[in-house]
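Comments concern the structure below.
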Amino acid sequence: MAALACARPAAPTPAAPLVASVPFVDGEQYRYSLRGDTRGATETVAGRGTLTTRRTSEGWELRQQYEEVGPPAGVKPTSDTSTVLVDATSLQPLRSDRVIERRESTERYGAAYAVGSVTLEHDSEKPRALKLGDQAVFDNEGALWLWRTLPFAEGYQQRYTSVGLTDRSRQTVSLTVTGRQRVEVPGGTFEAWRLQVRNGRATRVAWINVDAPHQIVQWDNGSVVFQLESAR
């Protein structure tokens, strides 16, 4: 799965929720090319991904599927699939899972959330329980949806706690909307909010459509750049 001279960011509180509105559409699907840079050259495509949103009786099911492009002849492409179920209004996670299929091995991760805690699993390892207290937390596998719900405005800043499946830990994520940019991707040209995402020393950037439903147009995670190809 990103400063401005303005007020110092504060942790989310009930009076200033991270989630301003939920713009998701039941059944929406966004397809992305995964590139090593943003030049758009076809030969730089390393993989393709699909983000799918589905409304269920429990909330929103958010699913990411990625697959390698052009693996060696006779070799199965690597893939990475995750699904997280979140509350329909708050986007607080209920449970999530992730399956990473590599050349020679498959890894499975899972998370089950309860009030004030989460239990994290990884293959046959002993489950790990994390206490979360009464703070609002979000699952990292749902970040590309969570960022679409922000109260977008230049200079907006906020922080939240994220739970990661692969490292089985919680971490603080800091967000800053640095302005608007026109972004050209294979799926078209968009006016987008530029969202800086900071986690520890790492800073990454997401570009999010100014217009609803505020889909992710481009996401630079520091190693791969996701670019929107199509939407339905």
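Per our numbering, the very first residue in the sequence shown carries number 1356; after that it's consecutive. Heads up, the beta-carbon is just placed ideally off N, CA and C, and yes, glycines get one too.
Item	Value
Beta-carbon proximity of leucine 1499 to valine 1540, cut-off 8 Å	no
Beta carbon proximity, glutamate 1459 to chain C, threshold 8 Å	Annotation note: the requested chain C is absent from the structure, which comprises a single protein chain.
Own chain residues within Cβ distance below 8 Å of arginine 1535, not counting five before or after	Glu1509, Glu1546, Ala1547, Trp1548, Arg1549, Val1565
As assigned by DSSP and simplified to three states, the class of alanine 1567	coil
Coarse secondary structure for arginine 1309, derived from DSSP in three states	Nothing in the structure corresponds to residue 1309, since the chain is present only between 1356 and 1587.
Uninterrupted beta strand (DSSP E) stretches inside the stretch 1482-1524 (no shorter than 3 residues)	1483-1486, 1492-1494, 1512-1519
Endpoints, the beta strand (DSSP E) within which phenylalanine 1545 is located	1543-1554
Alpha-carbon to alpha-carbon, glutamine 1512 and threonine 1397	No answer about threonine 1397 holds up, because its pLDDT of 46 lies below 50 and its placement is not dependable.
Neighbourhood of glycine 1414 by C-beta distance below 7 Å, restricted to the same chain and skipping five residues each side	Leu1440, Val1441, Asp1442, Ala1443, Leu1449
Arginine 1453 burial status per 10 Å Cβ neighbour count (16 or more: buried)	buried
Per-residue DSSP class, three states only, for alanine 1396	Any reading at alanine 1396 needs caution, since the residue's pLDDT is 48, under 50, leaving its predicted position unreliable; the model's value is listed next. Residue state, collapsed to three classes: coil.
Nearest-angstrom Cβ-Cβ length linking glutamine 1419 and glycine 1404, presumed shorter than 8 Å	6 Å
Contact set for alanine 1557: own chain, Cβ-Cβ below 8 Å, skip 5 residues either direction	Gly1577
Any 3 or more C-beta pairs closer than 8 Å across the stretch 1420-1434 and the stretch 1483-1493	no
Nearest-angstrom Cα separation, counted from glutamine 1573 out to leucine 1505	16 Å
Beta-carbon spacing of glycine 1497, glycine 1471 below 8 Å	no
Cβ-Cβ distance between arginine 1523 and leucine 1446 below 8 Å	no
Contact belief for valine 1424 with alanine 1401 at Cβ below 8 Å, rounded distance in angstroms	6 Å
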